[in-house]
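Below: one structure, written as structure tokens.
Laid out in structure tokens, this is it:
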């Protein structure tokens with residue numbers, strides 16, 4: 017049980033860190049876009065602003081997907097699940113989280129491989145190595161994998177707690 021509590025606490029901490037990172041990235045996007053507007057009106061347009069904003073959006077989306085998964089906010093169709101008895105709902109929920117873990121694990125695995133293949137490719141305007149952009153795939157899905165693991169452990173703990181009662 018100590019391991020389950022530790023994983024849950026770490027999941028909560030990762031969620032809070034991701035939320036802060038998302039807020040910082042969205043704030044940076046607003047500042048960069050505002051600077052681009054001002055520079056375009058009064059000076060010369062910034063050549064890198066659109067690209068920086070795009071990459072910040074991609075990274076914040078991957079972190080945001082993890083936060084949404086943690087709080088069960090993704091869209092789901094629960095018609096079948098709602099018709100099941102309570103114990104079957106719990107088992108189905110565990111199965112769904114395990115399937116999600118498998119998917120996230122595969123994406124992390126292939127995302128790391130894709131990251132390694134980027135070599136020396138640079139972004140057009142900022143000349144940023146593209147591997148830093150593509151790193152968001154394994155990082156974001158790794159975060160979702162960890163939250164799915166936490167959800168599985170919580171569901172199993174709850175299910176075992178119900179059986180003992």
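In my numbering, the protein residues as written are 17 to 181. The beta-carbon is built from N, C-alpha and C at its ideal position, and this holds for glycine as well.
Checklist line | When 170, 75 and 113 are compared against residue 90, the one with the closest alpha-carbon | finding: 113
Notebook entry, point to check: Considering only the beta carbon of each residue, do residue 159 and residue 30 sit closer than 8 Å?
Noted result: yes
Next item on the list: Going by CA-CA distance only, name the one from 86, 63 and 45 that's closest to residue 69.
Entry: 45
Margin query: Rounding to the nearest angstrom, what Cα-Cα distance links residue 137 and residue 144 in this structure?
Written below: 8 Å
Check: Can you tell which of 111, 119, 172 and 152 has the C-alpha that lies nearest to the C-alpha of residue 128?
Finding: 152
Next item on the list: Note down the Cα distance separating residue 134 from residue 35, rounded to an integer number of angstroms.
Entry: Distance from the CA atom of residue 134 to the CA atom of residue 35, rounded to whole angstroms, is 28 Å.
Notebook entry, point to check: Buried or exposed: residue 20, going by 16 or more other Cβ atoms within 10 Å of its Cβ?
Noted result: exposed
Item checked: Nearest-angstrom Cα separation, counted from residue 117 out to residue 105 -> 18 Å
Check: Pick from 173, 73, 174 and 163: whose alpha carbon is nearest that of residue 84?
Finding: 163
Notebook entry, point to check: In angstroms, rounded to a whole number, what distance separates the CA positions of residue 172 and residue 27?
Noted result: 16 Å
Note to self: For residue 109, count the other beta carbons within 10 Å of its own beta carbon; 16 or more makes it buried, fewer makes it exposed. Which is it?
What the structure shows: buried
Item checked: Identified DSSP bridge partners for residue 138 -> 145
Note to self: Tell me the DSSP secondary structure of residue 77 in three-state form.
What the structure shows: helix
Item checked: Spatial neighbours of residue 147 in its chain, beta-carbon cut-off 7 Å, leaving aside the 5 residues before and after -> 131 and 134
Check: Thinking C-alpha only, which one of 95, 155 and 139 is nearest residue 124?
Finding: 155
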